[in-house]
Amino acid sequence: MQAAPALANWHGLFDFRHLRTRMTVLYAALFALALLVVAVVAQVMIRAHAERSVRAELATSGSVYDRIWALRAASLFTSADVLARDFGFRAAVASGDRPTIVSAVSNLRARAGVANAFVIDGTGAVMGDGPADLRATLRTLPATFGNGRHDAVIATGSGTYRLVVAPIMAPVEIGRVVFAIPLDAAEMRALERLSAIPLSATMLHRRADGHWASRSGASVADSWPNSGIDRFVDGTIARDAATPKTLDLAGDRAFALAIPLAGRGTAPEAALLLSYPLDTALASYHSLQIGIALAGVMGLILMLLGSRRLASGIARPIAALDAAAKALEEGSRAELKVEGSDEIARLAESFNTMSAGILEREHRITHLAFHDSLTGLPNRTFFRQQLETAITRTAKLNERAAVLCLDLDGFKGVNDTLGHPIGDALLRQVGLILDDLASDGTVSRLGGDEFAIILAGRWEDDRPRALAQTILDRFRHPIAVDELHIASAVSIGIAVAPHDGPDGDALLKSADLALYRAKQDGRGVFRFFEPALDAAARRRRQLELDLREALFTGQFRLNYQPIFDLARDRIGCFEALLRWQHPSRGNIPPAEFIPVAEETGLIVAIGEWVMHEACRQAAAWPAHVRVAVNVSPLQFRNSGFSNIIVQALTRGGLSADRLEVEITESVFLDGENGVLQVLHQLRAMGVRIALDDFGTGYSSLSYLRSFPFDKIKIDKSFVDLVAQDPSSAAIVHAIVDLARALKMETTAEGVEDRDQLNELRDQGCSSIQGFWFSRPIEGDAVLAMIAGPMSAAA
Amino acid sequence: MLCRLTITLVAFVPMAAGAAPANIDVRGADGRPLAGAIVMIDTPRKPAAPIRFTWGTTMGQRNIQFDPRILIVPVGSTVTFPNYDKVRHQVYSFSKPKKFDLKLYGKDQSRSILFDRPGAVTVGCNIHDAMSGVIMVVDTPYAAQTDAAGHAALSGVPAGGATVRVWHPSIRSNGNVLAQAATIPATGFTASYTIRR
Numbered sequence: 001m002q003a004a005p006a007l008a009n010w011h012g013l014f015d016f017r018h019l020r021t022r023m024t025v026l027y028a029a030l031f032a033l034a035l036l037v038v039a040v041v042a043q044v045m046i047r048a049h050a051e052r053s054v055r056a057e058l059a060t061s062g063s064v065y066d067r068i069w070a071l072r073a074a075s076l077f078t079s080a081d082v083l084a085r086d087f088g089f090r091a092a093v094a095s096g097d098r099p100t101i102v103s104a105v106s107n108l109r110a111r112a113g114v115a116n117a118f119v120i121d122g123t124g125a126v127m128g129d130g131p132a133d134l135r136a137t138l139r140t141l142p143a144t145f146g147n148g149r150h151d152a153v154i155a156t157g158s159g160t161y162r163l164v165v166a167p168i169m170a171p172v173e174i175g176r177v178v179f180a181i182p183l184d185a186a187e188m189r190a191l192e193r194l195s196a197i198p199l200s201a202t203m204l205h206r207r208a209d210g211h212w213a214s215r216s217g218a219s220v221a222d223s224w225p226n227s228g229i230d231r232f233v234d235g236t237i238a239r240d241a242a243t244p245k246t247l248d249l250a251g252d253r254a255f256a257l258a259i260p261l262a263g264r265g266t267a268p269e270a271a272l273l274l275s276y277p278l279d280t281a282l283a284s285y286h287s288l289q290i291g292i293a294l295a296g297v298m299g300l301i302l303m304l305l306g307s308r309r310l311a312s313g314i315a316r317p318i319a320a321l322d323a324a325a326k327a328l329e330e331g332s333r334a335e336l337k338v339e340g341s342d343e344i345a346r347l348a349e350s351f352n353t354m355s356a357g358i359l360e361r362e363h364r365i366t367h368l369a370f371h372d373s374l375t376g377l378p379n380r381t382f383f384r385q386q387l388e389t390a391i392t393r394t395a396k397l398n399e400r401a402a403v404l405c406l407d408l409d410g411f412k413g414v415n416d417t418l419g420h421p422i423g424d425a426l427l428r429q430v431g432l433i434l435d436d437l438a439s440d441g442t443v444s445r446l447g448g449d450e451f452a453i454i455l456a457g458r459w460e461d462d463r464p465r466a467l468a469q470t471i472l473d474r475f476r477h478p479i480a481v482d483e484l485h486i487a488s489a490v491s492i493g494i495a496v497a498p499h500d501g502p503d504g505d506a507l508l509k510s511a512d513l514a515l516y517r518a519k520q521d522g523r524g525v526f527r528f529f530e531p532a533l534d535a536a537a538r539r540r541r542q543l544e545l546d547l548r549e550a551l552f553t554g555q556f557r558l559n560y561q562p563i564f565d566l567a568r569d570r571i572g573c574f575e576a577l578l579r580w581q582h583p584s585r586g587n588i589p590p591a592e593f594i595p596v597a598e599e600t601g602l603i604v605a606i607g608e609w610v611m612h613e614a615c616r617q618a619a620a621w622p623a624h625v626r627v628a629v630n631v632s633p634l635q636f637r638n639s640g641f642s643n644i645i646v647q648a649l650t651r652g653g654l655s656a657d658r659l660e661v662e663i664t665e666s667v668f669l670d671g672e673n674g675v676l677q678v679l680h681q682l683r684a685m686g687v688r689i690a691l692d693d694f695g696t697g698y699s700s701l702s703y704l705r706s707f708p709f710d711k712i713k714i715d716k717s718f719v720d721l722v723a724q725d726p727s728s729a730a731i732v733h734a735i736v737d738l739a740r741a742l743k744m745e746t747t748a749e750g751v752e753d754r755d756q757l758n759e760l761r762d763q764g765c766s767s768i769q770g771f772w773f774s775r776p777i778e779g780d781a782v783l784a785m786i787a788g789p790m791s792a793a794a
Numbered sequence: 795m796l797c798r799l800t801i802t803l804v805a806f807v808p809m810a811a812g813a814a815p816a817n818i819d820v821r822g823a824d825g826r827p828l829a830g831a832i833v834m835i836d837t838p839r840k841p842a843a844p845i846r847f848t849w850g851t852t853m854g855q856r857n858i859q860f861d862p863r864i865l866i867v868p869v870g871s872t873v874t875f876p877n878y879d880k881v882r883h884q885v886y887s888f889s890k891p892k893k894f895d896l897k898l899y900g901k902d903q904s905r906s907i908l909f910d911r912p913g914a915v916t917v918g919c920n921i922h923d924a925m926s927g928v929i930m931v932v933d934t935p936y937a938a939q940t941d942a943a944g945h946a947a948l949s950g951v952p953a954g955g956a957t958v959r960v961w962h963p964s965i966r967s968n969g970n971v972l973a974q975a976a977t978i979p980a981t982g983f984t985a986s987y988t989i990r991r
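Those protein sequences? They're chains E and S, same order as listed. For the record, in the first sequence the residue sitting at position 301 is 301 according to the working numbering, with numbers rising by one throughout. For the record, in the second sequence the residue sitting at position 161 is 955 according to the working numbering, with numbers rising by one throughout.
And the structure:
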């Protein structure tokens, strides 16, 4: 089909969503409207001018006709009058000399050059040749015409005649000389020739029925039945002013002028109609009209082309902008060519700047979303994506994937002691080092001091181990940060897909477990994930759940181990010991669940329960028997710890000096100040403070100086060999001496036989505790023991 | 143009034969009194004595006009046309009762013509168209012209049957005369005539 593309083109041309089309159409329409107005005005003016000139010509012709007729009538009248005044002629008329009269009239007709001449005598007899009806009309001619006129136009059956009448006076009127000039077609043609324009002259007469009619040759016919000629002529007569008017004559519009011709009486019997067809009048203007039309069409075409070109010039850059904006919206980079320096060019420039800015920001946002702002390494989100991708590829492409989880050992200490800026710098440095070492992997920072490395693709079996070892080796050297050299070890957990985890989450969890194990195993090492780790972790989680359950359902109870006062030979104190009777697993040793409680923070709630329970039970004991309660460092750090003790004492009804709080040196690990404050508060209340497990761990004598403990408990490891090993005995001796010097009591823990007892008693130890004396007992057995013969056993 | 003479008679029963006065009014077609009309009553009995009118038989020319302009004369009168003007006149008539043509004659000259047949004789001057006069030649003594009120008074008219004739130029019948029969009562005749078209 040939038409299809053309059609599409037209469709595009008239698509009003295009700026270009709208401008073109608007301009063209405005121009066409202006042209139309010009054409209409021109047409109206042409018509008005044609009308004016034709009207003027008609009026001129009318008055020329009047004038000519006045002259001719005067001339004819003179001819007739000459005859009428001739004495001989008068004598002939008076004497009724008919042959003489007829010959005279005939002579006159020839001389004056008129069609018909008559003499009417006093009796009304008409002499002269002429149509019968004319003669009959002449017989009844009135004595005078209006206004003393000598001429009149009459209409008879045979035609319309202009009469010129001269009376024959002798001296009264004895007859008349009458000329009758037929106003026939020839007369009309002669009249038409007088005019400068080819108008047509028609003689109208009033018929017996009052209508105006023209004569066509000899017959009378109504040429224009519906032209309104009657109204026009009658109107002209009524106004007594000939005004040109437009009439519809024989189907043609024509300018017309009616000139009533004075008749016998007052009412005209005939009228001269001068007409000029409108078409003929306008014909001379046709070339002008065609010229205007041609100029208009050419102007319109030029206008269309010009406005289209102009509109294109404006619209093309805008369309380009539109397309670029759409491209930008869809996310692709859009750059516009800037041409010129107009508004549109500036707009394009601004658009380019804006588009560049948007893309740059988008890039930055994307980077921020997937990268860690501190180190610039990929963040956890990005890491997980990468890990998923790598794992997917292991299945599909037979590639491998491994995750190395790294954790800086003691980073918290760096932050606390050197400040966060140094900590941040250290992290940045670590990131750089790892990135450098693991060039074949993806290094990410998961948060805090946690890093992770993904090894993807194809690698040697030994690559994870080799990399971990390389990293560990590198971290044996201090790391330079801001002129500081920080010794910082790392622990590494390694998990390999798909064995250690089917997906990213599982693999990362496995690596985490391995890292946890590595940290447990002394830090600064790496561990591969083993399924056992997973089982242990699961057990731990179950234990945690069971602990919460136990706390709320009352599965805990307290046992008490007596502390025997060697100086007074009686039980001076009971140490409260937590027991957990698990509904299904039976008795669970504290060594198993206390670390979990500490890790999860449950120790605070459990410790509170212990404190309350111990105070409550001890209140029932004799006044000289105290109760000793172990307090975890975590409890100590809890800001409400003092309040808990006050509440426990108040509720239990126990006086403060009967409570002995046992703490270990580890409470001081997180700083002394806060701990000392709490200890002083407790002391102020009257609570006794005992330092537990003295001699193990990082025992520092400085603690003894910083706080006046009431009691030092000598660790079981020294007591075990105190009877056999002189060095142990020496240490115990030294501790006891030290305590005595500091005015502190001492309790030896884990005493299991008489030798140990004797040795300790010799050393001067204040009190003892252990199986030799008694295992821990149920709470309800305490009073019995106090009352029983135990003292004697010691 | 049709002319009729309508007569309104106020007639009285004739008491005795004898002379009676006649008072006649003439009105024109427009109904107004018609001056310059000539009323004539023809009676079967002709008077034995010659007819004689008081106004004589002279029609002069004065100030380029006939004076008088209407002159009633008996048949057989000789009318003189003395010229009182400084200009000359050529008095003529084409009327049937008497055609004549008096060649130019000057001041204080006079011509005379014998009017031997009854009828209206229109006279004019061939060189002064405006000059127009009428000489009514009658064979009855009962003739008079109407005054400005259109009234004519006659006396001594014999009672009995008579023909009343009225002449005026506006009457469009032959000779500008209309005639109508009438009975003259002895007590007097009074009539009003209106010329109708």
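Note that the Cβ used here is the ideal one computed from N, Cα and C, for glycine as well. As the structure is a prediction and not an experimental result, all values here were calculated from the model.
Please check if any C-beta of chain S sits within less than 7 Å of the C-beta of residue i.
{"i": "D172 of chain E", "result": "Contrary to the premise, residue 172 of chain E reads as Val rather than Asp in this sequence. By this cut-off, V172 of chain E is an interface position."}
Listing by chain order, which chain S residues have their CB less than 8 Å from the CB of residue i?
{"i": "R90 of chain E", "result": "F888"}
According to DSSP, which residues form a beta bridge with residue i?
{"i": "I768 of chain E", "result": "E:F564, E:A748"}
{"i": "Y161 of chain E", "result": "E:I154, E:P182"}
{"i": "W212 of chain E", "result": "E:R206"}
Distance cutoff 7 Å, beta carbons only. Does residue i sit that close to anything in chain E?
{"i": "L908 of chain S", "result": "no"}
{"i": "G822 of chain S", "result": "no"}
{"i": "T916 of chain S", "result": "yes"}
{"i": "P963 of chain S", "result": "yes"}
Check whether the Cβ atoms of residue i and residue j lie closer than 7 Å to each other.
{"i": "R22 of chain E", "j": "F16 of chain E", "result": "yes"}
{"i": "S510 of chain E", "j": "F528 of chain E", "result": "no"}
{"i": "L247 of chain E", "j": "A256 of chain E", "result": "yes"}
{"i": "V610 of chain E", "j": "L659 of chain E", "result": "no"}
{"i": "K711 of chain E", "j": "E749 of chain E", "result": "no"}
{"i": "I907 of chain S", "j": "F894 of chain S", "result": "yes"}
{"i": "G652 of chain E", "j": "A620 of chain E", "result": "no"}
{"i": "R445 of chain E", "j": "D372 of chain E", "result": "yes"}
{"i": "L163 of chain E", "j": "A180 of chain E", "result": "yes"}
{"i": "T266 of chain E", "j": "G146 of chain E", "result": "yes"}
{"i": "G950 of chain S", "j": "A813 of chain S", "result": "yes"}
{"i": "I818 of chain S", "j": "A985 of chain S", "result": "yes"}
{"i": "F411 of chain E", "j": "D436 of chain E", "result": "no"}
{"i": "V732 of chain E", "j": "Q756 of chain E", "result": "no"}
{"i": "V93 of chain E", "j": "D121 of chain E", "result": "yes"}
{"i": "P868 of chain S", "j": "I845 of chain S", "result": "yes"}
Could you work out which residues of chain S lie near residue i, taking near to mean beta carbons separated by less than 9 Å?
{"i": "S95 of chain E", "result": "F888, K890, K893"}
{"i": "M169 of chain E", "result": "G918, D923, S926"}
Would you mind telling me which residues of chain S sit closer than 7 Å to residue i, beta carbon to beta carbon, in chain order?
{"i": "F87 of chain E", "result": "N920"}
Please specify which runs of the beta strand (DSSP E), each continuous and at least 3 residues long, are wholly inside the region 873 to 935 of chain S, giving them in chain order.
-> 885 to 887, 906 to 909, 913 to 919, 922 to 932
Minimum length 4: unbroken alpha helix (DSSP H) runs contained in the region 458 to 546 of chain E | 463 to 474, 504 to 520
Any alpha helix (DSSP H) of 4 or more consecutive residues that is wholly inside the region 86 to 162 of chain E = 87 to 95, 98 to 112, 132 to 139
Can you check the region 252 to 336 of chain E for any alpha helix (DSSP H) of at least 4 residues that lies completely inside it and give the ranges in chain order?
-> 278 to 283, 286 to 329
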